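A short write-up of the structure that comes next.
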Amino acid sequence: MNASARSPLRPRPARWFEMLVARDDTTLALEALAATGAVELEARDGASLPPAFADLRPLLPQFAELAARYRAFWPRMRLEASALPEPPVSALQRSLSVLRAWARDAEPLVRRLQAAEAEAARLQHWRAVFAQLQAQRSTLDLAQAAQAGPTLQVRLAVFPPGSAPQLAGLAHTLLAHAFESDVEPAGTQCLLTLGTPEQQHALASQVLAAKGQWLEPPQWLSADAAACDEACAARQRALADEAAGARRALDAAAHAHGLHRALADVHRLQWVLDNVHGLESGPLLCWITGWTSRDAAALEAAVDASGARALLRLAAPPAGARAPMLLANPWWARPFEVFARAMGMPSGTEADPSTLLAVAVPLMFGYMFGDVGQGLVIAAVGFALRRRFPLARLFIAGGVSAALFGLLFGSVFSLHLLHPLWLAPLDDPLAVLTVPLAGGAALLALGLLLSALEAHWRGELGAWLATDLGFVIAYLGLVAAPFGPWAGASLALAAAGALLCCAGHAWQARRASAALVALGELAERLLQILINTLSFARVGAFALAHAGLSSAIVALMGAATSTATQALVLVLGNLVVMALEGLVVSIQTTRLVLFEFFARFLEAQGRVFRPLPPPPSMTPQESST
Numbered sequence: 014m015n016a017s018a019r020s021p022l023r024p025r026p027a028r029w030f031e032m033l034v035a036r037d038d039t040t041l042a043l044e045a046l047a048a049t050g051a052v053e054l055e056a057r058d059g060a061s062l063p064p065a066f067a068d069l070r071p072l073l074p075q076f077a078e079l080a081a082r083y084r085a086f087w088p089r090m091r092l093e094a095s096a097l098p099e100p101p102v103s104a105l106q107r108s109l110s111v112l113r114a115w116a117r118d119a120e121p122l123v124r125r126l127q128a129a130e131a132e133a134a135r136l137q138h139w140r141a142v143f144a145q146l147q148a149q150r151s152t153l154d155l156a157q158a159a160q161a162g163p164t165l166q167v168r169l170a171v172f173p174p175g176s177a178p179q180l181a182g183l184a185h186t187l188l189a190h191a192f193e194s195d196v197e198p199a200g201t202q203c204l205l206t207l208g209t210p211e212q213q214h215a216l217a218s219q220v221l222a223a224k225g226q227w228l229e230p231p232q233w234l235s236a237d238a239a240a241c242d243e244a245c246a247a248r249q250r251a252l253a254d255e256a257a258g259a260r261r262a263l264d265a266a267a268h269a270h271g272l273h274r275a276l277a278d279v280h281r282l283q284w285v286l287d288n289v290h291g292l293e294s295g296p297l298l299c300w301i302t303g304w305t306s307r308d309a310a311a312l313e314a315a316v317d318a319s320g321a322r323a324l325l326r327l328a329a330p331p332a333g334a335r336a337p338m339l340l341a342n343p344w345w346a347r348p349f350e351v352f353a354r355a356m357g358m359p360s361g362t363e364a365d366p367s368t369l370l371a372v373a374v375p376l377m378f379g380y381m382f383g384d385v386g387q388g389l390v391i392a393a394v395g396f397a398l399r400r401r402f403p404l405a406r407l408f409i410a411g412g413v414s415a416a417l418f419g420l421l422f423g424s425v426f427s428l429h430l431l432h433p434l435w436l437a438p439l440d441d442p443l444a445v446l447t448v449p450l451a452g453g454a455a456l457l458a459l460g461l462l463l464s465a466l467e468a469h470w471r472g473e474l475g476a477w478l479a480t481d482l483g484f485v486i487a488y489l490g491l492v493a494a495p496f497g498p499w500a501g502a503s504l505a506l507a508a509a510g511a512l513l514c515c516a517g518h519a520w521q522a523r524r525a526s527a528a529l530v531a532l533g534e535l536a537e538r539l540l541q542i543l544i545n546t547l548s549f550a551r552v553g554a555f556a557l558a559h560a561g562l563s564s565a566i567v568a569l570m571g572a573a574t575s576t577a578t579q580a581l582v583l584v585l586g587n588l589v590v591m592a593l594e595g596l597v598v599s600i601q602t603t604r605l606v607l608f609e610f611f612a613r614f615l616e617a618q619g620r621v622f623r624p625l626p627p628p629p630s631m632t633p634q635e636s637s638t
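With positions in the sequence shown counted from 1, the corresponding number in this note's numbering is that position plus 13.
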């Protein structure tokens, strides 16, 4: 079936592509394909990683060893990989040589930087002590504390957040002052202690077991805490200048050695090994195969722009290959693909219900949340968050629908400021419950018709007509009976459908006894789908609950004695309703879609299209192994 004849409800398979590329240009070609976001690699049976890439693995532990020591000191921005073709092993060996040469020059700078930062952190803990002593107007002579010993010793214990012991457990110490340091992480606790060497040794064991620090006082402390704090601050400024100088020297060394390019080349090769698991390769050429969601021209343009020497074509997939499926919905229906994807992926003979859900989901949400003001707020929040949280796009349509139903119900921020275009829910609760039941029956019937469409795509429409058409007719007759004056005719239609179903099964099985089995199965299926239909009554029930909460807000406003209090009740009440019901209504809508509607036709037996992740040049540059 060609693309023009394909039903808009039917997912389409990705297309198989084959690319013949110069072996030394393979990495460039892979980067170009990944940058399109439209390619999933799949090697043909028996293909393995070419030696040109497989030989990289023994060298990668050397990079991991360097990264463990120096990752924090490598540049993270402006990494640009080499553009010229080069054998992968040669590129990795060259990059490792650059990293080792840089490491030899950087090691003294790294040690100087780490020493400066560690001393600055220790001083910051002591500054917390000095600040606390000043706040308490303590008479503790810090100069004497620094010189104490050997009988008594002063130490500062620094505990990570949540690990400091209770002071009651330190009764053996002669002195214990607790402080909270402003060194990261927040909540770091400090204990200034005075005790014998034996007592301090016992406490030091607790500190080290909690992965804390055990600090001796600086020997230059003076008697005045304020003077000590000023001296610490001056020393910290000097250490900051020293650290900044070390970092500038590290940056200069990185530029001198070409570290930016070496790191980018290693990251690119690591990306290839992480994402490419098999390629067919010869002495000069490499064959890249897989699936794409684009046409050949788009892929060729991307590869040509990279400079890779390659030939590409779209071809028939290999025998037995299972194509990933693609959903092709209009922009307004794409946010609703999340429901089908929650089940998996529809196969090529299953319907993608996203366009139908773009109508049904907002109707259910809006019916349960019918209020003009609240609906517009929800739509505005969804619009504001649509880029950061793609799911927020669902709330745009849901909020607009809620506002429209608010006009039908005459509700604006829980107040009856408008004359309802239809009815006020609490005035006619039976009608509010009945409409969702009819809508649910229509939605389930639509699901049954989608199963017929799927049978047509599989070439099994005749079997569906013989077995399931009678079930659909019987269901429609049963659900129509309570809603019209022709209950007898509706029941007769249901009976005719049941007979048709039984006859169809008997005809297919070529034996009359199959009709009895079909009758039992029909009764079970009808009971199940009628229960599913009743589940849609919850849509009306939540609409009534929303109206009840709105009435409660109005009643509380009436009990308030001032305009300001009434306004506060109105604002808080609406916020509570939007937060609470927004969550509940979303859950109920999702439940009805996944467990009632999808059960009629969707098994999600398709394969998900998983594009090759973007190369390092297309992502924020972060040094990683």
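Built from N, CA and C at the ideal position, the CB exists for glycine as well.
Note that the structure is a prediction, hence the values are computed from the model and not measured.
If the criterion is Cβ atoms closer than 8 Å, does the pair PHE378 and ALA415 meet it? With a cutoff of 8 Å on beta-carbon distance, PHE378 and ALA415 are scored as near each other.
Less than 8 Å between the beta carbons of PRO359 and LEU615, yes or no? Cβ atoms of PRO359 and LEU615: closer than 8 Å.
Please list the terminal residues of the continuous alpha helix (DSSP H) segment that includes VAL413. Segment 405-422, the alpha helix (DSSP H) holding VAL413.
Buried or exposed: which applies to GLU363, given that a residue is buried once 16 or more other Cβ atoms fall within 10 Å of its Cβ? With a 10 Å radius around the Cβ and a threshold of 16 neighbouring Cβ atoms, GLU363 comes out buried.
In its own chain, which residues sit with a C-beta less than 6 Å from the C-beta of ALA238, not counting the 5 before and 5 after it? The residues are PHE143, LEU146, GLN147.
Taking the beta strand (DSSP E) that GLU53 falls in, what are its first and last residues? Secondary structure note for GLU53: its beta strand (DSSP E) is the uninterrupted segment 52-54.
Evaluate THR39 with the Cβ neighbour count: other Cβ atoms within 10 Å of its Cβ, from every protein chain shown; 16 or more gives buried, anything less gives exposed. Flag for THR39 reads buried.
Around the C-beta of HIS268, are 16 or more other C-beta atoms found within 10 angstroms, so that it is buried, or is it exposed? So HIS268 counts as exposed.
By DSSP, does MET377 sit in helix, in strand, or in coil? Helix, per DSSP.
Taking the alpha carbon of GLN127 as the reference point, which residue from PHE86, PHE610, LEU370, LEU605 has its own alpha carbon closest? For the residues PHE86, PHE610, LEU370, LEU605, the minimum Cα distance to GLN127 belongs to PHE86.
Whole-angstrom distance between ASP365 and VAL492, CA atom to CA atom: Going by the C-alpha atoms only, they are around 26 Å apart.
Contact set for PRO438: own chain, Cβ-Cβ below 7 Å, skip 5 residues either direction: Taking C-beta separations shorter than 7 Å and ignoring five residues to either side along the sequence, the partners of PRO438 in its chain run PHE422, VAL445, ALA556, LEU557, ALA560, following chain order.
Among VAL485, GLU473, PRO449, THR447, which has the Cα closest to the Cα of LEU5? Nothing about residue 5 can be read from this structure; the chain reaches only from 14 to 638.
Evaluate THR206 with the Cβ neighbour count: other Cβ atoms within 10 Å of its Cβ, from every protein chain shown; 16 or more gives buried, anything less gives exposed. Note on THR206: 16 or more other CB atoms within 10 angstroms of its CB, so buried under the neighbour-count rule.
Please determine, among LEU92, PRO230, GLY271, the residue with the shortest C-alpha to C-alpha distance to ALA114. Restricting attention to LEU92, PRO230, GLY271, the CA atom closest to the CA of ALA114 is found in GLY271.
With DSSP run on the structure shown, which of helix, strand or coil describes THR206? The three-state secondary structure of THR206, taken from DSSP, is strand.
Is DSSP giving GLN166 helix, strand or coil here? Of the three classes helix, strand and coil, the one that applies to GLN166 here is strand, per DSSP.
Grouping DSSP H, G and I as helix and E and B as strand, with all else coil, what is TRP520? The three-state reading of DSSP puts TRP520 in helix, counting H, G and I together.
Am I right that ALA256 and GLU130 are in contact with their C-beta atoms under 8 Å? What's the rounded C-beta distance? Contact holds; Cβ gap of about 6 Å.
Indicate the three-state DSSP secondary structure (helix, strand or coil) for MET338 in the structure shown. Strand at MET338.
In the DSSP assignment, the beta strand (DSSP E) including TRP300 goes from what residue to what residue? Unbroken beta strand (DSSP E) run through TRP300: 298-305.
For LEU155, does the count of other Cβ atoms within 10 angstroms reach 16, so buried, or fall short, so exposed? Buried.
Could you give the first and the last residue of the continuous beta strand (DSSP E) run that contains LEU324? Start and end: 323-328.
What residue from ALA373, LEU376, ILE409 has the CA that sits closest to LEU389's CA? With distances taken between Cα atoms, LEU389 lies closest to ILE409.
Short of 8 Å in beta carbon distance, which residues of its chain neighbour ARG471, apart from the five on each side in sequence? Order them along the chain. Excluding positions up to five away in sequence, the list reads THR362.
MET570 lies in the alpha helix (DSSP H); which residues open and close that run? Its alpha helix (DSSP H) spans residues 550-572.
If we ignore side chains and look at the alpha-carbon of each, how far apart do LEU625 and ALA51 end up? If you take the alpha carbons of LEU625 and ALA51, they lie about 8 Å apart.
With a CB to CB cut of under 6 Å and the five nearest residues on each side skipped, what residues in its chain are close to LEU234? For LEU234, same chain residues with a beta-carbon under 6 Å away, outside a window of 5 residues either side, are LEU155, ALA156, ALA159, CYS241 in chain order.
By DSSP, does GLN1 sit in helix, in strand, or in coil? The chain is shown from 14 up to 638; residue 1 falls before or after that span and cannot be answered.
The stretch 334-349 in contact with the stretch 581-598 per 3-pair CB rule at 8 Å: The stretch 334-349 is not in contact with the stretch 581-598.
Since ALA550 and PRO449 should fall inside the 8 Å C-beta cutoff, what is the C-beta to C-beta distance between them, to a whole number of angstroms? At roughly 6 Å, the Cβ-Cβ gap stays under 8 Å, so ALA550 and PRO449 are in contact.
Rounded separation between ALA94 and LEU282 - CA only: Here the alpha carbon of ALA94 sits roughly 10 Å from the alpha carbon of LEU282.
Relative to the alpha-carbon of VAL374, which residue among GLY303, ALA251, GLY452 has its alpha-carbon at the smallest distance? The candidate whose alpha carbon is nearest that of VAL374 is GLY452.
Assuming ALA536 and CYS515 are in contact, meaning their beta carbons sit under 8 Å apart, how far apart are those beta carbons, in whole angstroms? About 11 Å separates the beta carbons of ALA536 and CYS515, which is beyond the 8 Å limit, so they are not a contact pair.
Counting only the same chain and skipping the five closest in sequence on each side, list residues whose C-beta sits under 7 Å from that of ARG538. Excluding five sequence positions before and after ARG538, the CB atoms of its chain that fall closer than 7 Å to its own CB belong to PHE484, given in chain order.
With a CB to CB cut of under 6 Å and the five nearest residues on each side skipped, what residues in its chain are close to ALA392? Counting only Cβ-Cβ distances below 6 Å, and skipping sequence neighbours, we find ILE409, GLY412, VAL413.
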